[in-house]
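Let me begin by presenting the structure, written as structure tokens, before commenting on it.
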Amino acid sequence: MKKLLGVVVLCAPLAWAQARPEDGGHELQLWTGGGHSVSGGTSKIGVWNVGLRYGWILTRPHGPGFLKGRFEYAVDAVPAFLVFQPANTAYGAGVNPLNLKWDFGTRGRAVPYFELSGGTLFTIHDVPTGTSSVNFTSGAALGTHFLGDTHNWSLEVRYLHISNAGLAARNPGINTVQVRVGIGKFFSRAQGKR
């Protein structure tokens, strides 16, 4: 038993040397996140969502020093988006067709990233109450991918603004800070053709 444990401990670092963002590669990820409203919009709001992401790594590594990285474009399908507000819980779904992501170039198993995103949100109740059931989302996130042998985990902090952009007479908006966790995989063109 001690020998087996020793082999596992010695070989564990080798398992982390797998798929990472690379030229022409792709990302597939299942994620979930939640958070609360912050100042600058409607208060006393909580949100939770789950989504599926598909991304395309568009560039080779470039940039100066610690900013060196790769540009990624991604699309999110969001089949479940809950908004917990004082009057009700609004159930909804959305799509984020605009996710612009910078995967910083690192040599280790942690790959930090920065992201800007935008999309739409459709709910069964007005969000916020008394406004519109059709809203637009814009956000920014800072996170890190933790690379593994068969998949990677991601952890991020995301600022998300929800607004009807004037579709209704009232547009107080909702500003939230969320924590998002994802499990996914980076794969290259060659892996995708197998």
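For what it's worth, the numbering used here labels the leading residue of the sequence shown as 319, then goes sequentially. C-beta atoms are modelled at their ideal positions from N, C-alpha and C, and glycine is treated no differently. For clarity, every value in this text was computed on a predicted model and none was experimentally measured.
Contact under 8 Å by Cβ, residue i with residue j
i: L478; j: T455; result: yes
i: G453; j: S481; result: First, the amino acid is wrong: residue 453 is Asn here, not Gly. Taking 8 Å as the Cβ cut-off, N453 and S481 qualify as a contacting pair.
i: V365; j: T494; result: yes
i: A398; j: A411; result: yes
i: Q496; j: G351; result: yes
i: E474; j: G457; result: no
i: V413; j: H463; result: no
i: G387; j: D421; result: yes
i: R371; j: W349; result: yes
Opposing strand residues paired with residue i [DSSP bridges]
i: V396; result: G412
i: F505; result: H344
i: S472; result: H463 and G500
i: A428; result: F464
i: V495; result: H354 and Y477
Residue environment, residue i, which counts as buried when at least 16 other CB atoms sit within 10 Å
i: I442; result: exposed
i: S355; result: buried
i: P339; result: buried
i: D467; result: exposed
i: G502; result: buried
i: E408; result: Note on residue identity: the sequence assigns Ala, not Glu, to residue 408. So A408 ends up on the buried side.
i: F384; result: exposed
i: A459; result: buried
For residue i, three-class secondary structure by DSSP
i: G353; result: strand
i: L385; result: helix
i: K419; result: strand
i: L485; result: coil
i: R378; result: coil
Neighbourhood of residue i by C-beta distance below 8 Å, restricted to the same chain and skipping five residues each side
i: P490; result: G359, T360, P446 and T449
6 Å CB neighbourhood of residue i in its chain, flanking five on each side removed
i: A483; result: F454
Cβ-based neighbour list, residue i, same chain, cut-off 7 Å, excluding 5 preceding and 5 following
i: L485; result: S450 and V452
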